[in-house]
Every structure is written in C-alpha cells, then in structure tokens.
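Residue numbers (the working numbering): 202 to 428.
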C-alpha cells in the first residue's frame, strides 16, 4: 500500500493513479486538497487488499477491508494532522470514534504534526500542551507507536527538524504481524523523508507479552494482577 500526504491535488483521477502505480490493478481513494493545501491519497494492490468500506474526514482517510491471503480484516487510516491545538483535539476525537466504529485491528499512519518525546524536535527542552495531549490519546487508545530506528527526524525545514510522521498500530495488529518495523527512506526534494513499514507474520513460538503505560494508571490494575 502506498500512502501520500499533501498531494496538493483537489481532484485525483485514475490516470494519475495508474501513472504512479505503473499498472491498472490498483485500488485507490483520496481526499482532495483545499487549493494548494493538503490532500491525501491511498493506493493498494487489488490482488492483496480487498476494500470493504471507506471513511473520510477533512484530515484523514480510512479504508477498511481484508488482506486476502491472510483473511485478515483490518483498517488503515492515513492522517494529516492539524496545526492548532483545538483542531488537533477534534481530529483525534474523530479517529477515536472511527476506531470504535470499525472494531478491527487498526494502523494509523501519516503526518500527525506532533511529537511525543522532547528529543523528537530539535532544540526542544519541554513537551508542549498539545504534545502531552497527543501522548495521552495514544495511551488511551492503547496504540503502539512504532520505533523508527534508523532516523531521528522525518521533517526538515531550514534549521528546524522534527519527527512528526509516525505509524500507530493496535495490539491486535501486532499479534498478526509481530515483526512490524519502520525504516526511513530517501528525502529527495521534499521537506519529508519517506517512511516504510515492513510487516511480517513470524511463527517462531509464543508471541511476546506487551504492556501499556496507561494500564498502570488504572486504579485497580495492580490489585487485579496480584489476584
């Protein structure tokens, strides 16, 4: 699957998609840009992924369907985050509703326009309020923020650098693809570098146990573990 953020295209045609994909065995959905701002495009191999439903917001695009060979139902959501804190909260609330609506393993990916660690923004010394909000949202949604091991930043402009592009997956996704990993690709002429997700099912014995920080903030968690 190929996901593009900031296409800057109000309308995307099949001709555009086939030129990018280089054959016509491609499914696709898009959210048009507003003038020269924004725009989202999702493309996939129709022999690999069968779409069931598509949902769209101003800043996100979600396809729900099945990975055919695995008979694995899932949803993939491409996100282009807002710049203002209140607007970011609205987007995250919409994504929470979407997750509850689909009720399948999820992968959220894209430009979230936010960091979750101080070291993910060059020269930053503290997390902003919206960054703290974003970190709490990830924990509340019980999402796993996949590590990008070979690159510290994904966005560059002048002397400014941040890691605002990420992939967040549910535990059910990792149960199916326990060897999911991210790697950085070339930056080219863009402000952003390419981010590649490689997902594989590895049948090498028991699956690893994973815990979430948010569990330990629940009042009855430690008592439940003890019992």
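The beta carbon of each residue, even a glycine, is placed where N, CA and C say it ideally should be. Bear in mind that the values here come from a model prediction, so they are computed numbers and not experimental data.
Burial state of residue i (16 or more Cβ within 10 Å)
i	result
residue 216	exposed
residue 271	exposed
residue 282	buried
residue 428	exposed
residue 230	buried
Bridge partner(s) assigned by DSSP for residue i
i	result
residue 228	245
residue 342	DSSP lists no partner for residue 342.
residue 362	357
residue 367	311
residue 385	396
residue 322	363
residue 206	241
Contact under 9 Å by Cβ, residue i with residue j
i	j	result
residue 312	residue 356	yes
residue 368	residue 300	no
residue 261	residue 241	yes
residue 291	residue 280	no
residue 399	residue 353	no
residue 338	residue 391	no
residue 246	residue 228	yes
residue 276	residue 305	yes
residue 211	residue 235	yes
residue 265	residue 254	yes
Beta-carbon separation (whole angstroms), residue i vs residue j, contact threshold 8 Å
i	j	result
residue 370	residue 381	6 Å
residue 289	residue 331	6 Å
Q. Which parts of the stretch 232-314 are runs of the alpha helix (DSSP H), unbroken and 4 residues or longer, counting only runs that do not cross its ends?
A. 286-303
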